[in-house]
Amino acid sequence: MKRKARASRRRTAEYSDQWTPDRIEREEFPRLVQSLAARSISFVAQEIPHEEMVMQAKFLLDRLNLHMVSDVSWYSDGLLRAEVAGWGRSADSKKHLGVRIEMAQSHGGKSVRCRVWTFCESDVDASEWLMRVHETLSVQRHI
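Residue 153 in the numbering used here sits at position 35 of the sequence shown, and the numbers go up by one each step.
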């Protein structure tokens, strides 16, 4: 019975659209984005607690209509770190889009170092997508 169920799932996965957000598991996200163009930007969010920055990152994914594929927090070298990642399609459903936001609490906890990665099929699209994501995040942070 288990063998039959596994074979059925494998066939379903082979015939399904691999880009559909609810079919992408956390382990698949890094593999999928390797084939896409990536752009990143780093900044420091001043006077924002780390927990609030994580909530803003999650809100950003929701606002951009992306499916969350990663939401992890951990301590490293005594500092709180987090990663939030999402995946989806553009409004016209023609482009596959990804966002990964890495956050690290600064020493003293008064600011958060952020690095935002965007993924898209072409370099131009990835750059435009990065500007849109950063602009949306900046509006949220009231900069």
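Don't be surprised by glycine CBs; every beta carbon is placed ideally from N, CA and C.
Cβ shell of residue i (< 7 Å), same chain only, five flanking positions each side left out
i, result
"residue 208", "215"
Residue range of the unbroken alpha helix (DSSP H) whose run includes residue i
i, result
"residue 201", "Note, residue 201: premise wrong, no alpha helix (DSSP H); beta strand (DSSP E) at 197-207."
Three-way DSSP call (helix, strand, coil) for residue i in this model
i, result
"residue 169", "helix"
"residue 189", "strand"
"residue 182", "coil"
Unbroken beta strand (DSSP E) run spanning residue i, endpoints
i, result
"residue 216", "214-223"
"residue 240", "Careful: residue 240 lies outside any beta strand (DSSP E) and carries neither H nor E."
Sheet register partners of residue i (DSSP bridge)
i, result
"residue 157", "236"
"residue 194", "197"
"residue 163", "230"
Buried or exposed (CB count within 10 angstroms, at least 16 for buried), residue i
i, result
"residue 192", "exposed"
"residue 143", "Below a pLDDT of 50, predicted positions are generally treated as unreliable, and residue 143, at 48, falls in that range; no measurement from the model is reported."
"residue 164", "exposed"
"residue 168", "buried"
"residue 190", "exposed"
"residue 221", "buried"
"residue 251", "buried"
"residue 206", "buried"
Contacts around residue i, its chain only, beta-carbon distance under 6 Å, and the 5 residues preceding and following it disregarded
i, result
"residue 241", "155"
"residue 175", "202 and 219"
"residue 161", "232"
Cβ neighbours of residue i in the same chain (closer than 8 Å, five flanking residues each side left out)
i, result
"residue 239", "154, 155, 213 and 214"
"residue 228", "164 and 165"
"residue 197", "222, 223, 224 and 225"
Near the ligand ATP: residue i beta-carbon under 6 Å from a heavy atom
i, result
"residue 156", "Of the ligands one can find in the structure shown there are none, so the ligand ATP has no counterpart to examine."
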